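A.B. asks: Chains as they are written, first to last, in our numbering: chain S, 22 to 446; chain L, 607 to 914.
All residues carry an ideal CB built from backbone N, CA and C; glycine is no exception.
Because the structure is a prediction, the values reported are computed rather than measured.
1) Would you kindly work out how many angstroms separate the C-alpha atoms of residue 790 (chain L) and residue 839 (chain L), rounded to a whole number?
2) For residue 365 (chain S), which residues of its own chain have a beta-carbon under 7 Å away from its beta-carbon, when the five flanking residues on both sides are left out?
3) Are the beta-carbon atoms of residue 342 (chain S) and residue 182 (chain S) separated by less than 7 Å?
4) Taking Cβ-Cβ distances below 8 Å as the criterion, which residues of the region 614-640 of chain L are in contact with chain S?
5) Looking at chain A, which residues of the region 336-349 of chain S have a Cβ within less than 8 Å of any of its Cβ atoms?
6) Between residue 37 (chain S) and the rest of its own chain, which residues show a CB-CB distance below 6 Å, the 5 nearest in sequence each way excluded?
7) Buried or exposed, going by whether 16 or more other CB atoms sit within 10 Å of the CB of residue 34 (chain S)?
8) Below 7 Å between beta carbons: does that hold for residue 847 (chain L) and residue 857 (chain L)?
9) Taking only three categories from DSSP, how would you classify residue 336 (chain S)?
10) Quick one, which residues of the region 696-722 of chain L are near chain S if we go by CB-CB under 8 Å, in chain order?
11) Report back the beta-carbon spacing between residue 64 (chain S) and residue 54 (chain S) to the nearest angstrom; my notes put them in contact at under 8 Å.
12) When we look at the beta-carbon of residue 103 (chain S) and count the other beta-carbons within 10 Å, is it buried (16 or more) or exposed?
13) Note down, in chain order, every chain L residue with its Cβ under 7 Å from the Cβ of residue 285 (chain S).
14) How far does the beta strand (DSSP E) with residue 211 (chain S) in it extend, from its first residue to its last?
15) Residues of chain S with a CB under 9 Å from the CB of residue 849 (chain L): which are they?
16) For chain L, check one thing: does any of its Cβ atoms lie closer than 7 Å to the Cβ of residue 265 (chain S)?
17) For residue 315 (chain S), write down the residues that DSSP places opposite it in a beta bridge.
18) Which one of S:349, S:75, S:199 and S:237 has the shortest CA to CA distance from residue 609 (chain L)?
19) Quick check on DSSP: helix, strand or coil for residue 841 (chain L)?
20) Would you give the residue range spanned by the alpha helix (DSSP H) that residue 686 (chain L) belongs to?
21) At a Cβ threshold of 7 Å, is residue 389 (chain S) touching chain L?
22) Can you tell me which of the three DSSP states residue 207 (chain S) falls into?
23) Residue 135 (chain S) by DSSP, collapsed to three states: which one?
24) Tell me the rounded alpha-carbon separation between residue 627 (chain L) and residue 681 (chain L).
25) Which chain S residues sit within Cβ distance under 7 Å of residue 839 (chain L)?
26) How would you label residue 210 (chain S), buried or exposed, when you count the other beta carbons within 10 angstroms and need 16 or more for buried?
27) Hey, does residue 806 (chain L) have any beta-carbon neighbour from chain S nearer than 7 Å?
28) Do the CB positions of residue 288 (chain S) and residue 146 (chain S) come within less than 7 Å of each other?
29) So residue 425 (chain S) and residue 386 (chain S) are in contact, right, with Cβ under 8 Å, and what is the actual spacing, rounded?
30) For residue 662 (chain L), is the classification buried or exposed, using 16 other Cβ atoms within 10 angstroms of its Cβ as the cut-off for buried?
31) Give the secondary structure of residue 770 (chain L) by DSSP, where H, G and I count as helix, E and B as strand, and everything else as coil.
32) What separation, rounded to the nearest whole angstrom, lies between the Cα atoms of residue 188 (chain S) and residue 279 (chain S)?
33) Under a three-way DSSP split, which group does residue 82 (chain S) fall into?
34) Tell me, which residues are paired with residue 64 (chain S) by DSSP?
35) Determine the DSSP secondary structure at residue 198 (chain S), reduced to helix, strand or coil.
36) Is there a Cβ from chain S that is less than 7 Å from the Cβ of residue 610 (chain L)?
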């Protein structure tokens with residue numbers, strides 16, 4: 022089978038052998054009502070209300086949304102406006118912690134007997150994809166297509182990030198049980214775990230726990246970015262090509278992040294909704310890179326304090342990995358559900374852009390086999406027809422083209438601008 | 607709290623730069639440059655130095671006059687100068703070389719917008735301009751290791767001593783005589799991933815096959831004249847050749863075909879490499895349009911496949 026293109030990045034997984042630490046309880050958390058795609062949730066608590074860990078505080082307004090729960094016990098101090106990363110404003114609930122971390126009465130193991138139960142459970146748990154994109158899990162599970170294969174995405178192809186890897190190493194049984202749970206209720210025949218070869222410890226752990234299960238297959242893949250992109254992962258593990266404009270479900274595949282699988286299992290046993298997550302703190306501005314278990318809504322500054330950030334030399338703060346993560350304006354943002362990494366960099370990347378020399382490296386790096394230089398030319402001419410012809414819609418903004426460009430042209434950025442142009446046309 | 611630096615993704619870039627690529631190509635040209643200097647002596651050294659320096663100066667002056675960013679740092683002008691020098695006869699006067707580098711840098715490259723915007727290969731085009739303008743000096747050759755004897759290139763004399771052709775012990779342009787050095791440079795570029803082998807292999811194979819079919823000696827046709835220099839260093843120029851593998855192959859085959867047609871039936875010139883490259887440069891946009899990539903999972907392709 023022909024492998025898709027990509028780039029080999031230096032891994033810099035400094036935290037892969039470090040045990041996950043638990044962040045000391047923050048004095049307050051700030052929980053935005055929008056943490057992923059879809060409409061923001063409606064706050065259902067008021068200033069002065071007392072909440073416990075797992076109390077629902079945000080209610081979804083559409084089918085896409087999932088409920089949001091309090092991650093600390095204490096009192097609601099404010100319901101305020103919050104500027105999201107995408108530039109829109111939504112509400113955020115500030116909860117002052119009382120330090121007791123009382124569990125809410127509503128937290129109890131859910132009833133789970135049918136596929137419909139699983140979908141309802143996934144929604145009620147507030148579960149979204151924990152790998153970075155934050156796609157609501159219940160939407161994936163509720164697909165009308167006939168699914169037969171579960172692809173567990175453990176690639177973690179971005180440099181620095183190790184939170185999925187630590188999930189596997191520290192609790193591989195949760196992952197396995199999550200896989201079995203999903204396979205049982207979704208009536209899936211087989212499972213492929215796609216993992217990059219640079220995670221030897223995690224591969225060993227997974228192989229051990231999955232040894233007895235003949236229908237779970239390990240696919241050890243080259244450490245080539247973007248191995249964890251849904252289309253790339255599906256193709257490399259199952260050989261199925263997801264056609265333009267279609268989803269993995271359309272080829273019978275359910276793709277789930279490894280941490281999401283583990284969370285669903287934990288929820289089925291404890292009933293504790295998604296109120297905390299594992300996050301990698303790294304970058305050259307932190308003295309002590311680490312993986313932390315943190316309540317959702319913890320301000321980034323607390324994470325950076327814990328990791329020993331050199332604020333005087335902090336120039337860029339990236340939420341997520343260096344290839345697809347978003348750079349942040351200030352330290353006030355809180356940890357959101359899909360947030361798998363936080364990178365503090367001493368030097369922001371400075372590049373000097375020169376003319377395209379048509380070397381074709383962007384094309385050779387594009388996993389979708391697009392021609393980014395032609396897309397850029399078409400965008401400069403505002404030629405919508407050409408943008409369509411060169412399949413702009415297939416670009417997933419992985420950034421390989423910008424990464425390899427010797428003229429340092431902002432190709433991935435241009436593609437995003439071109440998509441906006443195409444949406445208007 | 608100061609605001610932090612905010613930039614679009616990705617937040618890191620690879621190390622490869624335009625300058626790095628150009629320096630690699632210059633490095634790959636060094637073996638043939640040295641071979642040329644040894645074969646043709648001081649005269650060749652002087653001519654190459656003039657071509658390289660004047661190219662850089664023309665580029666610098668041009669950018670200053672056009673009030674644009676200075677671009678001599680990317681080393682593309684130096685590379686063009688070296689390539690031009692290597693494709694000249696060691697006997698031409700210095701002023702003619704200056705006209706050549708002016709044509710390459712100012713007329714062919716900068717007037718069209720600089721590196722990346724020129725549609726034709728500057729060195730190949732400048733060589734053609736000189737060939738047409740200064741036919742006498744451009745086609746009078748020096749015998750190796752001597753200044754005086756004027757002789758014809760092996761393409762004309764048809765002396766078939768392959769050892770001489772391989773090692774460069776024959777008359778010709780400064781950089782085209784030593785086949786071993788050229789192939790060494792080409793292999794280096796290919797292994798470093800700077801060039802793909804499709805265009806040079808396509809071009810050389812076509813010349814060999816064509817020569818064989820019409821009864822010429824293929825090995826002799828491949829090793830003599832500017833074929834290797836053109837195929838390895840000019841038909842692989844990023845800016846003026848097609849982008850995709852298929853496009854490069856078509857380009858190479860076209861170049862090989864045109865080279866043979868000019869070599870065997872062209873009455874005015876014994877050599878056709880630079881003409882063929884220039885002609886194929888003109889076709890590059892059309893080849894590019896014909897050889898688009900097939901995006902992963904694109905539906906359009908599926909439909910076509912189903913129909914056929």
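C.D. replies: Put simply:
1) 12 Å
2) 304, 306, 307, 325, 330, 335 and 338
3) yes
4) 614, 615, 616, 617, 618, 619, 620, 622, 623, 624, 626 and 627
5) As a matter of chain content, chain A is missing from the structure shown, whose protein chains are S and L.
6) 183 and 186
7) buried
8) yes
9) coil
10) 719, 720, 721 and 722
11) 6 Å
12) buried
13) Those within 7 Å of residue 285 (chain S) in chain L number zero; the least Cβ separation is about 28 Å.
14) 211-217
15) 379, 380, 381, 384, 392, 394 and 395
16) yes
17) S:298
18) S:349
19) coil
20) 682-692
21) yes
22) helix
23) coil
24) 9 Å
25) Those do not exist, as residue 839 (chain L) stays about 15 Å from chain S at its closest Cβ, beyond 7 Å.
26) exposed
27) no
28) yes
29) 4 Å
30) buried
31) helix
32) 8 Å
33) coil
34) S:79
35) helix
36) yes
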